[in-house]
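Going by our numbering, the letters in the sequence shown line up with residues 2 to 336, in that order. We put the CB at the ideal spot given by N, CA and C, even for glycine. Working notes, beginning with the structure itself.
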Amino acid sequence: MKKIMFLTLCLLCGALAMPVHAQKKGKKSNLTTPVTLSTRADSVSYASAKLFHRGLNDYLKQNFDIEETDMADFLKGFDAFMQNREARSQRAYMAGQHVADMLLRRMKPNVQTDFEPRHITIDDELFIRGFRDVLSKGEGPLTPEEAEAYMATISKEYEAAQQKDNIRKGQEFLAENAKKEGVVTTASGLQYRILREGNGPIPKVTDEVTVKYEGKLIDGTIFDSSYSRNPDTNVFRADRLIKGWTEALCLMPVGSKWELYIPQELAYGERQAGKIPPYSTLIFTLELEDVEGEAAAPATTEKPAGGKLPPNARINPATGAPTMGPAIHPRPAKK
2 MKKIMFLTLC LLCGALAMPV HAQKKGKKSN LTTPVTLSTR ADSVSYASAK
52 LFHRGLNDYL KQNFDIEETD MADFLKGFDA FMQNREARSQ RAYMAGQHVA
102 DMLLRRMKPN VQTDFEPRHI TIDDELFIRG FRDVLSKGEG PLTPEEAEAY
152 MATISKEYEA AQQKDNIRKG QEFLAENAKK EGVVTTASGL QYRILREGNG
202 PIPKVTDEVT VKYEGKLIDG TIFDSSYSRN PDTNVFRADR LIKGWTEALC
252 LMPVGSKWEL YIPQELAYGE RQAGKIPPYS TLIFTLELED VEGEAAAPAT
302 TEKPAGGKLP PNARINPATG APTMGPAIHP RPAKK
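Okay, structure coming up:
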């Protein structure tokens, strides 16, 4: 049955691209007279075609929004094509109808979805005219080259505005977040809150760490989480992560669970990273499970004063200032 459905879809989809030829030149089919099956070939021809209806109703519904109640009109179009199937004009006419339907039910809604965040409504008639004028080589207010340049310009303008908005929202979020009880702000602008204090060693930048984590945008959208995988831990080298992670890991004793608030300049900056838009401030829940290295520093008991981390505790004294590696997602860099 799956094979029959596949063949049906191939035939339907191929109708626009492949020439159609009559079985016998000049023979017109009478599609409404009674059928007589005189030979085995007649019976095979008729019976095999009867099988191709399987899956057709689903195909018509999915691709054309046609119900079984529309079958009479569907058959009118089917019969009209079969009666004149050798004519190239017939295939061109049918292709025009198919593309027009696709333009309105697929292309235009996709464009509208892209522009909804910009509060722009796509006008049906102008959209149709723009498409048609290209095909007919008709004159219009914009040439294809001018249209392409215009769309590129507004796309860049929108991206710039969106990025500026992301920076502003991130700065406002961090400013308010810094006022909350338990939130510590380091000299770099990284913020963190201790959810669980650990008492194990503190990693150096060259150590490999075993962690659990979950990453969110400031609107609460989760873009990655080790908790959703099995195993739920990951192993990274501390200096091959985004700068905010590297700094935090060089302050965290093993056993700690912190919430990190990472400014965009300590995260991905202007780069798009998967589901993370450019210039995004990020929130991470980070648990440090273990550390492997030559000699991790012991945990410090010194507490931050006045909501700011003391300079001598911002970076592990045993290693000095960390060497920041390439800013990548909290996963190991590909070697």
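Item: Are the region 195–211 and the region 226–237 in contact at 8 Å, needing three or more beta carbon pairs?; Value: yes
Item: By the DSSP assignment, the alpha helix (DSSP H) with Ile155 in it spans what residues?; Value: 145–178
Item: Find out if the Cβ-Cβ distance for the pair Ile277, Tyr262 is shorter than 8 Å.; Value: no
Item: Sorted by chain position, which residues of the same chain lie with C-beta nearer than 6 Å to Arg133's C-beta, five sequence neighbours on each side aside?; Value: none
Item: Among the candidates Pro279, Arg194, Arg41, whose CA atom is the shortest distance from the CA of Leu218?; Value: Pro279
Item: Alpha carbon to alpha carbon, what distance is there between Ser226 and Thr282?; Value: 17 Å
Item: What three-state label does DSSP hand Arg194 in the structure shown?; Value: strand
Item: Does DSSP put Leu12 in a helix, a strand or coil?; Value: Since pLDDT at Leu12 reaches only 38, below the 50 mark, its modelled position is unreliable, and the value read off the structure follows with that caveat. The answer is helix: DSSP assigns Leu12 an H, G or I state.
Item: Kindly confirm or deny that the region 195–208 and the region 285–293 touch, where touching means at least three C-beta pairs closer than 8 Å.; Value: yes
Item: When you compare only the Cα positions, how much space is there between Leu252 and Glu173?; Value: 25 Å
Item: Once DSSP output is grouped into helix, strand and coil, what is the label at Thr70?; Value: helix
Item: Just curious, the alpha helix (DSSP H) that Gly97 is in, first and last residue?; Value: 89–103
Item: On the CB-based measure, 16 or more other CB atoms within 10 Å of its CB, does Leu127 come out buried or exposed?; Value: exposed
Item: Taking Leu191 as the reference, give the member of Trp259, Gln163, Phe65 with the closest Cα.; Value: Trp259
Item: Take Ala249 as the anchor and find which of Tyr228, Lys205, Thr33 has the nearest alpha-carbon.; Value: Lys205
Item: Please state whether DSSP places Arg238 in a helix, a strand or coil.; Value: strand
Item: From Arg107 to Gly216, what does the alpha carbon distance come to, in whole angstroms?; Value: 34 Å
Item: What three-state label does DSSP hand Ile123 in the structure shown?; Value: coil
Item: Between the alpha carbons of Tyr269 and Gln164, how many angstroms are there, rounded?; Value: 12 Å
Item: For Arg92, count the other beta carbons within 10 Å of its own beta carbon; 16 or more makes it buried, fewer makes it exposed. Which is it?; Value: buried
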